[in-house]
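As given, the protein sequences belong to chains A and B, one line each in that order. Under the numbering used here, read the first sequence as residues 246 to 339, first letter to last. Under the numbering used here, read the second sequence as residues 31 to 556, first letter to last. C-beta: ideal position from N, C-alpha, C; glycine also.
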Amino acid sequence: MSMLSILDPTDERVPVSRQITPRPKQIVGNVALLDISKPRGNVLLDRLEETLSQRLPDVNITRYVKPTFSKPAPEELRQKIQANSDFVIEALAD
Amino acid sequence: MKEVMAAFELENLRGEQVTFSGNSDSLVCFIKEDCPTCKEVMPVLVAMHKAFAGAIDIRIIGQTLDGNKALDNAFTPGFSILDDSALKVSFAADIETVPTLYKTDASGTVTETCIGFVRDEWQGLAQRLSGELEIPDVDLDWQKLPEWRPGCGSLSVDPSNADRLRAEAENSPIRARKIAIGSQDDEFEFMFDQGFSDGLPVIPPTPERVLRMLGGTRRDAQEIIGVMAPNLGEVTIEKIAINAVMAGCKPQYLPVVIAAVEAISTDDYNVHGVMATTMGASPVIVVNGPVRHQIGMNMGMGALGQGNRANATIGRAVRLVIRNVGGAKPGETERSVLGNPMKFTMCFAEWEERNPWQPMHVERGFDASDSVVTVFTMTSGPSLIVDQESRSANALAGTIGQTLEGIYNPKAHFATNCLLVVVPEHVDTLMRDNYSKADLRKRIQETSSRPARELVGDTVSGAGLKPATAAGMSKEDLEKMMPKFRSEEDIHIVVAGGEAGKFSAAFHGWVTGSIGSIPVSRKIDI
């Protein structure tokens with residue numbers, strides 16, 4: 246994963262803020278459930294999937310799994326989730 | 031070449047971490063797979079490893095991971111090549127060539143060095159080592175090896191890597207916070223999102239670019255040249271360099287940017303007021319002296335406009351320093367009611383060679399051979415003074431005086447100053463009558479003068495002297511002639527512009543004197 250680094254042009258008195266995607270008011274479209282491979286994360290996501298399917302029958306749910314919780318998700322997986330999903334729910338669990 | 035080899039830890043092809051601690055006799059060799067000489071020395075390294083590995087530490091370091099694997103397959107050496115694809119160990123060892131072989135002692139000191147392949151040197155080193163260790167000579171037919179082969183360039187000095195390695199090294203002059211941009215983020219969008227930009231794209235200030243920019247000055251990167259209002263952020267040479275990269279400057283412009291930032295950081299210049307005023311003020315930067323030619327500034331046709339990199343990016347860099355280090359942002363502490371396109375950038379050079387008078391920097395006390403920046407606070411302009419008809423100096427200077435009376439509003443006398451840019455054709459008209467700068471200033475004051483009574487607010491224009499104040503004035507005072515400017519010194523004059531066109535221009539000032547902004551000049555440290 247190549248990361249470009251830049252140097253802060255400011256006086257560094259405030260932390261760097263990262264923008265987050267705007268939060269829509271309604272859940273529609275594709276929801277990704279990401280299991281990060283921590284123990285029992287899948288159990289949590291199973292229950293979530295049941296609940297979401299009942300409450301939001303029109304939403305399309307896809308399950309994804311990270312190979313290991315100890316490392317960032319592989320580039321390919323992140324691109325796949327980004328391309329195919331409107332929402333992501335990530336299960337930490339333990 | 032290194033005198034002492036620093037300790038390191040690298041991974042070998044088997045995935046094991048291998049250390050070099052520099053506390054015992056060792057051989058350290060740097061190689062690179064795509065170098066033919068390195069391939070030729072591989073059998074030598076294999077033989078030396080076989081002979082000495084039991085007695086001393088041997089570290090063979092390769093500069094590319096794939097290359098290391100290829101060498102391992104081709105030669106199946108008794109050692110596993112260490113991966114220095116990050117090139118940090120190669121850089122720290124200060125090698126320029128591969129192969130480079132170092133023999134080091136128990137203090138890490140390099141006692142022998144072989145660069146490239148000179149057979150006698152390598153053989154001599156091997157024989158001395160056998161002697162020292164009292165073990166048989168290396169099992170190798172040295173005569174079958176070429177007598178001499180030049181090495182190849184180390185990847186650590188390759189121009190595409192060297193700046194990065196210097197920036198990342200422990201003695202790097204860079205101290206600014208590093209911000210990692212995610213691989214899926216667009217760096218240009220990220221810079222906008224962070225609020226680092228004036229609204230136009232900025233060049234990402236990577237450590238490599240900033241290091242190259244710092245090459246434009248001899249000054250220490252951490253030298254603090256002042257504090258920048260409103261945040262009173264400390265301005266270091268490094269921070270100026272970062273913003274200069276973002277603005278698009280070349281390294282040779284950096285000394286000009288530094289001098290301009292020094293000038294606006296002064297109490298006299300009062301950048302806090304200049305930014306905070308609702309009037310829409312901003313610095314105009316005028317450059318004088320030899321640096322104008324050295325960095326290719328525009329002082330002729332279109333000098334106040336776009337199209338010249340030095341003019342455009344020096345002014346922009348100064349503005350970005352004000353924004354990013356000073357923290358002056360529109361809508362926050364920058365409160366201009368309308369703003370002003372000159373707030374993006376406003377910098378030009380004086381055409382001294384076309385100026386029959388003293389150039390601005392000499393008039394302000396510098397030597398003609400000095401390179402100098404002068405910062406002037408403008409609120410409007412460049413506003414044209416159109417006169418294509420006047421054929422005498424008096425008549426033209428009269429037009430200039432009458433036009434300048436319009437600054438702010440015609441009744442606003444004693445209110446501000448101006449920076450007058452006289453174009454070559456107007457210079458020629460003035461010189462028909464051998465006008466001096468003093469003559470021009472005097473004529474401007476003369477032709478912009480009115481009796482005080484004409485400056486009183488009325489139903490045509492409520493601006494000017496308050497009627498209540500005027501009511502308290504003597505008849506004599508009301509008849510007193512009032513020039514536009516409080517003093518002739520408030521009329522700053524430079525020459526610039528193309529050879530054709532009788533259109534001089536003026537930058538209108540802001541509040542003058544110690545309660546406003548005083549023009550400041552600084553010598554450029556080239």
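- The bridge partners DSSP lists for B/PHE406 are B/VAL314.
- Judged by their CB atoms, B/ALA333 and B/ALA290 are not nearer to each other than the 9 Å cut-off.
- Any Cβ of chain A closer than 9 Å to the Cβ of B/SER190 would place that residue at the interface, and such an atom is absent.
- In the DSSP assignment, B/PHE222 falls within the unbroken alpha helix (DSSP H) covering 217-223.
- Apart from the 5 residues on each side of it in sequence, B/SER420 sits with its Cβ closer than 7 Å to the Cβ of LEU426, THR429 and THR459 in its chain, given in chain order.
- Annotation: Cβ neighbours of B/GLY212 in chain A (cutoff 8 Å, chain order): MET248.
- Contact annotation: B/PHE533 and B/SER478 have beta-carbon atoms that are not nearer than 9 Å.
- Taking a Cβ-Cβ threshold of 9 Å, none of the residues of chain A is close to B/GLU41; the smallest such distance is about 17 Å.
- Under the Cβ criterion of 9 Å, B/LYS208 is counted among the residues facing chain A.
- Judged by DSSP in its simplified three-state form, B/TRP381 adopts coil rather than helix or strand.
- The contact set of A/GLU321 on chain B, defined by CB atoms closer than 9 Å, is empty, because the minimum CB distance reaches about 12 Å.
- Going by beta carbons, B/ILE91 and B/ASP55 fall outside the 9 Å limit.
- Comparing C-alpha distances from B/ASP135 to each of B/GLU33, B/VAL452 and B/ARG322 shows the shortest one belongs to B/GLU33.
- A direct Cα-Cα distance of roughly 12 Å separates A/ALA328 from A/VAL276.
- Excluding residues up to 5 positions away in sequence, PRO386 and ALA423 lie with their Cβ nearer than 8 Å to the Cβ of B/MET461 in the same chain.
- The straight-line gap separating the alpha-carbon atoms of B/LYS510 and B/MET221 is approximately 57 Å.
- Among the residues of chain B, none has a CB under 8 Å from the CB of A/LEU337; the nearest is roughly 20 Å distant.
- Judged by their CB atoms, B/MET258 and B/VAL304 are not nearer to each other than the 9 Å cut-off.
- The C-beta of B/ARG179 has 16 or more other C-beta atoms within 10 Å across all chains shown, which makes the residue buried.
- In this structure, the alpha-carbon of A/ILE251 lies about 23 Å from that of B/ARG339.
- Secondary structure at B/ALA342: helix, using DSSP grouped into helix, strand and coil.
- Taking all protein chains shown into account, B/VAL348 has 16 or more neighbouring C-beta atoms within 10 Å of its C-beta and is therefore buried.
- The straight-line gap separating the alpha-carbon atoms of A/LEU297 and B/ILE352 is approximately 51 Å.
- One thing to note: B/ALA306 has its Cβ no nearer than 9 Å to the Cβ of B/THR409.
- Contact of B/PRO235 with chain A by beta-carbon distance below 7 Å involves ILE251, LEU252 and PRO254.
- With a threshold of 9 Å between beta carbons, B/PHE226 makes contact with chain A.
- Apart from sequence neighbours up to five positions away, the residues of its chain that approach B/VAL452 with a beta-carbon distance below 7 Å are ILE523, VAL525 and SER534, ordered along the chain.
- The way I'd put it, the segment 490-504 of chain B doesn't touch the segment 362-375 of chain B; fewer than three beta-carbon pairs between them come closer than 8 Å.
- An exposed status is given to B/THR49, since fewer than 16 other beta-carbon atoms sit within 10 Å of its beta-carbon.
- A/LEU337 and B/PRO237 have their C-alpha atoms roughly 35 Å apart.
- Neighbours of A/ARG258 in chain B, taken as residues at a C-beta separation under 9 Å, are given in chain order as ASN261, GLY263 and GLY357.
- DSSP lists B/PRO360 as the bridge partner or partners of B/GLU364.
- In this structure, B/THR308 and B/LEU284 do not form a Cβ contact; the two beta carbons are roughly 33 Å apart against a cut-off of 8 Å.
- Boundaries of the beta strand (DSSP E) harbouring B/ALA535: 533-538, taken from the DSSP string.
- Excluding residues up to 5 positions away in sequence, VAL257, VAL355, GLY356 and GLY357 lie with their Cβ nearer than 7 Å to the Cβ of B/GLY263 in the same chain.
- When the beta-carbon positions are compared, B/VAL457 and B/ARG384 come within less than 9 Å of each other.
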